[in-house]
Amino acid sequence: MAVESLTPRVSWGLIEWGVDQAAGGYDKLHRFAVTQRELFLKMPPMPGAPQALRRLSIEGVRIRIITHRLFIKYFHQVAVSQTIQWLDQHDIPYWDLCFMQQKTAVGADLYIEDSPANIERLRAEGQKTIVFTNSTNEHLPGPRADNWDEVLQLVLAEKRAWESP
């Protein structure tokens, strides 16, 4: 398919792009993108993300990256290696890098998340969560950030609130 014909407004699994879920299409596409096209290494960062994360680090925010990139079997080394190289290549600071599905198992004062299921799970467990807007989570209430400048402002506001007597 021509890239121009693909809608940017997708649901999880990319059904709108014709990815056949019954045949394991998303998993196959994901595996191909990571192992054959180095997706986790070559994909550019979201606009403003490295700068916002560096600013947060300078402001004393301890950044803990939690990602579920290991959800498809048999290529974990490639996924982890590409992720670490990508973070270093883009000078993204972090204290901890956690590859896990259950994000609530990792203690944090504030989460930034885009997956609707993870947002709902985190909030159900009483965790403060900023919704990073995408086409799959627009139905969820805020606080919400549409870009990394907004993430920066929301996190710094939370930090100021924690530091207030």
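Heads up, the sequence shown is in the working numbering, so the first residue is 2 and it goes up one at a time.
The C-beta atom is built at its ideal place from N, Cα and C for all residues, glycine as well.
Judged by beta-carbon spacing, isoleucine 120 lies within the 8 Å limit of leucine 141, meaning their Cβ atoms are closer than that value.
Cβ contact annotation for tryptophan 87 (same chain, cutoff 7 Å, sequence separation greater than five): Phe41, Leu42, in chain order. The three-state secondary structure of alanine 158, taken from DSSP, is helix.
If you draw a straight line from the Cα of glutamate 159 to the Cα of serine 58, it is about 14 Å long. Per the coordinates, the alpha-carbon of aspartate 147 lies some 21 Å from the alpha-carbon of lysine 104. Within the region 15 to 83, the complete alpha helix (DSSP H) segments of 4 residues or longer fall at 26 to 38, 40 to 43, 50 to 59, listed in chain order. Bounds of the beta strand (DSSP E) holding glutamate 114 are 112 to 114.
When the five nearest sequence neighbours on each side are left out, the beta carbons in the same chain lying within less than 7 Å of the beta carbon of arginine 124 are those of Thr130, in order along the chain. In terms of Cα proximity to aspartate 150, the closest of Gly49, Leu7, Pro166 is Gly49.
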